[in-house]
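Participant: Quick one: the structure is below, questions incoming.
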Amino acid sequence: MSLNDYRFRSLWSVRADTGRVFDALVDLASYPAWWPDIRTVHQLDDDTAEVVCRSTLPYDLTFRLHRAIEDAPNGRMRVDMTGDLEGYVQGDVAEHRAAGALLAISQRVVVTKPLLRVLSPVARPVFRANHALMMRRGQRGFRAYLGA
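Below, the structure is given as structure tokens:
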């Protein structure tokens, strides 16, 4: 694995019905309303959106998300990413006895933004921490958005 290759996994417990969680997850246009790090989502077609995000560090990431899987009965969605990050993000929603729903988010991306590629050998731990903060804010916003 190169220094520009990242794998992340997050688990979000949400006190909401799995169907509501899945519906909100696949509604990319709603992300800026509940996730402060997602600055804009511009729908390009039914399956593709351009996203601009910025977390704690002072740089934007711009990428396109293209729907690869949307399987509501099994609670799985996956989008392929191109742009400043290339790879995929997958969300799996399952019932959880104590929490209501558990959302497992898996990401595998390669950084293509030139500045970040240059900094990655020394800043990798900072980039990972930045991602963790972004995901934490996303989880809080998602719970609030769903009233969970």
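The opening position of the sequence shown corresponds to residue 560 in the numbering used here, with each subsequent residue numbered one higher. Every residue gets a Cβ at the ideal spot worked out from N, C-alpha and C, and that includes glycine. As the structure is a computational prediction, the values presented were derived from the model and not from experiment.
Please name the residue in Asp606, Gly706, Phe581 and Asp619 whose C-alpha comes closest to that of histidine 625.
Facilitator: Asp606
Participant: Which residues in the same chain as methionine 694 place their Cβ atom closer than 7 Å to its Cβ, once the five residues preceding and following it in sequence are excluded?
Facilitator: Answer for methionine 694: Ser569, listed in chain order.
Participant: In angstroms, rounded to a whole number, what distance separates the CA positions of leucine 766 and leucine 678?
Facilitator: Since the first residue shown for the chain is 560 and the last is 707, residue 766 is missing from the structure and cannot be characterised.
Participant: Name the DSSP bridge partner or partners of tyrosine 704?
Facilitator: Note: tyrosine 704 sits in no beta bridge, so no partner.
Participant: Do phenylalanine 567 and histidine 690 have their C-beta atoms closer together than 8 Å?
Facilitator: yes
Participant: Do you know whose CA, among Tyr565, Val585, Asp586 and Ala592, lies nearest alanine 703's CA?
Facilitator: Nearest C-alpha to alanine 703: Ala592.
Participant: Identify which residue in Asn563, Leu584 and Ala575 has its Cα closest to the Cα of isoleucine 664.
Facilitator: Leu584
Participant: May I have a chain-ordered list of the beta strand (DSSP E) segments no shorter than 3 residues that lie completely inside the region 617 to 658?
Facilitator: 620 to 630, 635 to 642 and 644 to 655
Participant: When the Cα atoms are used, what is the spatial distance from glycine 697 to valine 573?
Facilitator: 12 Å
Participant: Measure the C-alpha to C-alpha separation of threonine 599 and methionine 560 and round it to an integer number of angstroms.
Facilitator: 31 Å
Participant: DSSP three-state call for tryptophan 571: helix, strand or coil?
Facilitator: strand
Participant: Taking the alpha helix (DSSP H) that aspartate 582 falls in, what are its first and last residues?
Facilitator: 577 to 585
Participant: Taking the beta strand (DSSP E) that alanine 608 falls in, what are its first and last residues?
Facilitator: 607 to 612
Participant: Name the residue from Leu562, Ala575, Asn563 and Asp564 whose alpha carbon lies nearest to the alpha carbon of arginine 656.
Facilitator: Among Leu562, Ala575, Asn563 and Asp564, the Cα nearest to that of arginine 656 belongs to Ala575.
Participant: Taking the alpha helix (DSSP H) that alanine 592 belongs to, which residues open and close that run?
Facilitator: 590 to 593
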